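In this text, residue positions in the sequence shown follow the numbering used here: the first is 1360, and each later residue adds one.
Ideal Cβ positions, reconstructed from N, Cα and C, are used throughout, including at glycine.
For clarity, every value in this text was computed on a predicted model and none was experimentally measured.
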Amino acid sequence: MVAQTSIDAYHEIIADGTRWKKRELVHKFIEICGPHTRTQISEKTGLKINVVCGRVRELVQDGVFEENRTVLDRETNKHVKVVELAKGQQELEL
1360 MVAQTSIDAY HEIIADGTRW KKRELVHKFI EICGPHTRTQ ISEKTGLKIN
1410 VVCGRVRELV QDGVFEENRT VLDRETNKHV KVVELAKGQQ ELEL
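Quick look at the structure:
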């Protein structure tokens, strides 16, 4: 069962736009800085990893991001997905 305080916090985040602001921050970061792992996004933006993972998941589901390759994480020695703009999402530079 989910605690009422968690439910209240979720509704507050939805109501005040916090979720959308963080989603836009993650989107702009990848748009400007290029492909990164979730951990790198978290470290470079200062957002908590759980926030980054949630926003990346939404953006992948919406077709804005894609994860077609992996890199070896030096800390964990495991392959992790690289997040990048989906084809067709890249803006043309004039």
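{"Asked": "Please classify His-1438 as buried or exposed, where buried requires at least 16 other C-beta atoms within 10 Å of its C-beta.", "Found": "exposed"}
{"Asked": "Would Val-1441 and Val-1415 be called neighbours here (beta carbons separated by less than 8 Å)?", "Found": "no"}
{"Asked": "Could you check which residue in Ile-1408, Arg-1397 and Asn-1409 has the C-alpha nearest to that of Val-1430?", "Found": "Arg-1397"}
{"Asked": "Please report how far the alpha carbon of Lys-1446 lies from the alpha carbon of Gln-1363, in whole angstroms.", "Found": "41 Å"}
{"Asked": "Express the C-alpha separation of Leu-1444 and Cys-1412 in angstroms, rounding to a whole number.", "Found": "15 Å"}
{"Asked": "Kindly indicate which residue of Arg-1433, Glu-1434 and Val-1419 has the alpha-carbon position closest to the one of Asn-1427.", "Found": "Val-1419"}
{"Asked": "At what residue ranges does the segment 1424-1451 contain a whole run of the beta strand (DSSP E), taking only runs of 3 or more?", "Found": "1424-1431 and 1438-1444"}
{"Asked": "Kindly indicate the opening and closing residues of the alpha helix (DSSP H) around Gly-1413.", "Found": "1408-1420"}
{"Asked": "Check each candidate in Glu-1434, Leu-1406 and Thr-1435 and name the one with the smallest Cα separation from Gly-1377.", "Found": "Checking the displayed sequence, the identity of residue 1377 turns out to be Thr instead of Gly. Per the Cα distances, Leu-1406."}
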